[in-house]
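I have placed the structure first, in the form of structure tokens, so that the comments after it can refer back to it.
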Amino acid sequence: MSESDLRPDRGARVSVRITRVGHGQTLYILSLSDHYQGLFTHWKDPHSVYCPDDGTCYWRKCQEEQIWKGYTPVLFWNTSTANWLPTVLEISEKLELDLRGKWKRGQEWVLTRAQELDRKKKPVRGRLAVVQRPSENLPEEFDILPVLSAVFRVAHVKLGKQNPLPMPQTMLPFESAAPKALRPDDQAPASPEVLQKLRETLVGGFKLPNDPKNGRKP
Numbered sequence: 691m692s693e694s695d696l697r698p699d700r701g702a703r704v705s706v707r708i709t710r711v712g713h714g715q716t717l718y719i720l721s722l723s724d725h726y727q728g729l730f731t732h733w734k735d736p737h738s739v740y741c742p743d744d745g746t747c748y749w750r751k752c753q754e755e756q757i758w759k760g761y762t763p764v765l766f767w768n769t770s771t772a773n774w775l776p777t778v779l780e781i782s783e784k785l786e787l788d789l790r791g792k793w794k795r796g797q798e799w800v801l802t803r804a805q806e807l808d809r810k811k812k813p814v815r816g817r818l819a820v821v822q823r824p825s826e827n828l829p830e831e832f833d834i835l836p837v838l839s840a841v842f843r844v845a846h847v848k849l850g851k852q853n854p855l856p857m858p859q860t861m862l863p864f865e866s867a868a869p870k871a872l873r874p875d876d877q878a879p880a881s882p883e884v885l886q887k888l889r890e891t892l893v894g895g896f897k898l899p900n901d902p903k904n905g906r907k908p
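Note that my numbering numbers the sequence shown so that position 108 is 798, with each residue one more than the last.
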């Protein structure tokens, strides 16, 4: 697909809605903004309710758990119509960890969520596929507040809340000998010098006891 295909068809308009990645789904998106913004919600079956987090939230006073969600304008690839459609992407707490420090306008991301085979919910994961498309060939980012106000049924939605989840700590594995209890005959591992002599023996071949080359007299 050429870059010019990203220009919207002025003859057809579509409703902008919120898009979530469901279980067993893969979503291909193109970012239109350099940032995403978050807010807090509470889960009240069968849907989420907005939490202003300013002391006025009824559900917050009831000690209901706060759930962070992020939102940003994107285009998603519609496989049935073979074109890019505008939508507001909903970002979960776990997905935001994959996007943090990387998200920029003009990037292509592949978002996936494993099939739910048990009662445990699977997280949405994100993979950066294309680092940057030329910005001048992209549509302008659009205002997401009207969409959020309609979904949460509130007149004013305040964004700017940060994801409370910290980045997971990562470290390199430590290369060393296996535990002593797992080594055959409880022997210490061979030293580098011993291993080198073994390699030289295997490469040079074994010598018979009466071989003159081994320094013995026949």
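Heads up, the beta-carbon is just placed ideally off N, CA and C, and yes, glycines get one too.
Where residue i and residue j are concerned, what is the direct C-alpha to C-alpha distance, given to the nearest angstrom?
i: Ser-839; j: Ala-845; result: 6 angstroms
i: Asp-743; j: Pro-776; result: 29 angstroms
i: Tyr-748; j: Gln-756; result: 12 angstroms
i: Arg-750; j: Gly-728; result: 17 angstroms
i: Gln-797; j: Pro-882; result: 48 angstroms
i: Val-704; j: Trp-774; result: 11 angstroms
i: Lys-848; j: Asp-833; result: 13 angstroms
i: Glu-783; j: Ser-825; result: 28 angstroms
i: Lys-851; j: Glu-780; result: 14 angstroms
i: His-713; j: Glu-806; result: 6 angstroms
i: Thr-746; j: Thr-771; result: 44 angstroms
i: Phe-730; j: Trp-758; result: 5 angstroms
i: His-737; j: Leu-872; result: 53 angstroms
i: Leu-720; j: Trp-799; result: 7 angstroms
i: Pro-854; j: His-732; result: 15 angstroms
i: Ser-723; j: Arg-795; result: 5 angstroms
i: Ile-633; j: Tyr-740; result: Given that the chain is displayed from residue 691 to residue 908, the structure contains no residue 633 and the question cannot be resolved.
i: Asp-811; j: Val-711; result: It is worth fixing the name first, because residue 811 is Lys in this sequence and not Asp. When rounded, the distance between both Cα atoms is 12 angstroms.
i: Pro-858; j: Pro-813; result: 15 angstroms
i: Ala-819; j: Leu-835; result: 28 angstroms
i: Tyr-726; j: Lys-887; result: 60 angstroms
Any idea what DSSP makes of residue i, helix, strand or coil?
i: Leu-898; result: For Leu-898, the pLDDT reaches just 49, beneath the cut-off of 50, and the residue's location in the model is therefore unreliable, although a value from the coordinates is still provided. Note: Leu-898 maps to coil in three-state DSSP.
i: Thr-860; result: coil
i: Thr-891; result: helix
i: Pro-776; result: strand
i: Lys-870; result: helix
Below 8 angstroms, is the gap between the Cβ of residue i and the nearest heavy atom of the ligand GTP?
i: Gly-796; result: The ligand GTP is not part of this structure, which contains no ligands at all.
In this structure, what does DSSP give as the bridge partners for residue i?
i: Gln-753; result: Beta-bridge pairing links Gln-753 to no other residue.
i: Ser-721; result: Val-764
i: Lys-759; result: Leu-729
i: Thr-709; result: Leu-779
i: Thr-716; result: Thr-802
Could you please give the first and the last residue of the uninterrupted beta strand (DSSP E) stretch that includes residue i?
i: Gly-728; result: 727-734
i: His-737; result: 737-741
request  = Could you pull out every unbroken beta strand (DSSP E) segment of at least 3 residues lying fully inside the region 782-844, listed in chain order?
outcome  = 798-803 and 814-820
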